[in-house]
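Undergrad: Position one of the sequence shown corresponds to residue 2 (my numbering), numbered consecutively onward.
Quick one: the structure is below, questions incoming.
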Amino acid sequence: MLISEMNWMQVEDYLRRDDRCILPTGSTEQHAYLSLSVDSILASRLAAEVGERVNVPVYPALPYGLATQWTAFPGTVTLRIDTYLALIRDVLDSVKRAGFRRILLINGHVGNAPAQDMLREWMMDNPDACVKWHNWYNAPQTWAKVLETDPIGSHASWMENYPWTRLAGLALPEGAKAAIDLHRLAQLNPQQTRELLGDGNMGGMYQRSDEEMLAIWQVAVAETCALLEKDWD
């Protein structure tokens, strides 16, 4: 159920029987040889599949987030933290005003984490609503499946290389890239980050089989569906 394929009357009719909705959040940033929209593509697709299975409306993904560390890579877009928090708050205010009271944010970008801290404040101001923030990529069951598949992987590696995030006709490097020292990386400015990472892969193989990736994806879909069906009180 995509909001973009509904009119306001259909939304109003839905709200007579349910008050849940899904809001995907992503980013536009470098992902080595993969699409700059990886985070938005994955969050949006997951939300669409879950929404269809559970029969819950899905809003369009927010394509921009907090990606300061990648700004030395052309194509990356980042917002200031206060801008992003204000954006999320305004969106939540709007969907609540429409009548939604149980809102699942499916987040596709680790850098968007500051918004998660703001949600408690929003719910304090809106005690008749509940918001769940779901980092789908490292949720317990999904992360366990990732580690079972390959414990070495990170940003822009095989972990984000799905059939729908890779670019047609573009060959990927063979083999794996050495893992990056994350503590060191956290201390670098954007230009130093680019110099350290080179192509942008933070460590691990560039690609694994589609069979393995789809197995992870099915776990993510099931785990996210469960969030919509329980524990809202």
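Ideal placement from N, C-alpha and C gives every residue a C-beta, glycine not left out.
Model, not experiment: these values are computed from the prediction.
Taking H32 as the reference, which of H156, R195 and I89 has the closest Cα?
TA: It is H156 whose Cα lies nearest to the Cα of H32.
Undergrad: Is the segment 9 to 21 in contact with the segment 102 to 117, if contact means three or more CB pairs nearer than 8 Å?
TA: Output reads yes: the segment 102 to 117 touches the segment 9 to 21.
Undergrad: Please check if any C-beta of chain D sits within less than 7 Å of the C-beta of S38.
TA: This model lacks chain D altogether, as it is built from one protein chain only.
Undergrad: Exposed or buried, A68, counting other C-beta atoms within 10 Å across all chains shown (16 or more means buried)?
TA: With 16 or more other Cβ atoms within 10 Å, it is buried.
Undergrad: Where do the N-terminal and C-terminal ends of the alpha helix (DSSP H) with P115 fall, by residue?
TA: P115 to D126 is the span of the alpha helix (DSSP H), which, as asked, contains P115.
Undergrad: For R121, is the classification buried or exposed, using 16 other Cβ atoms within 10 angstroms of its Cβ as the cut-off for buried?
TA: It counts as exposed.
Undergrad: Rounded to the nearest angstrom, how far is the Cβ of L228 from that of K97, given a contact under 8 Å?
TA: With 8 Å as the limit, L228 and K97 do not qualify as a contact, their Cβ atoms being about 19 Å apart.
Undergrad: Rounded to whole angstroms, what is the Cα-Cα separation between A49 and P25?
TA: Distance between the alpha carbons of A49 and P25: 9 Å.
Undergrad: At what residues does the beta strand (DSSP E) containing K133 begin and finish?
TA: Note, K133: beta strand (DSSP E), C131 to N136.
Undergrad: Using CA coordinates, which residue listed in I42, G170, D40 and P58 is at the minimum distance from E13?
TA: Ranking the options by Cα distance to E13, first place goes to P58.
Undergrad: What are the partner residues of N108, as DSSP defines its beta bridges?
TA: Answer is T26 and N136, bridged to N108.
Undergrad: Please report the distance separating the alpha-carbon of R90 from that of R81.
TA: If I take the Cα positions, the gap works out to 14 Å.
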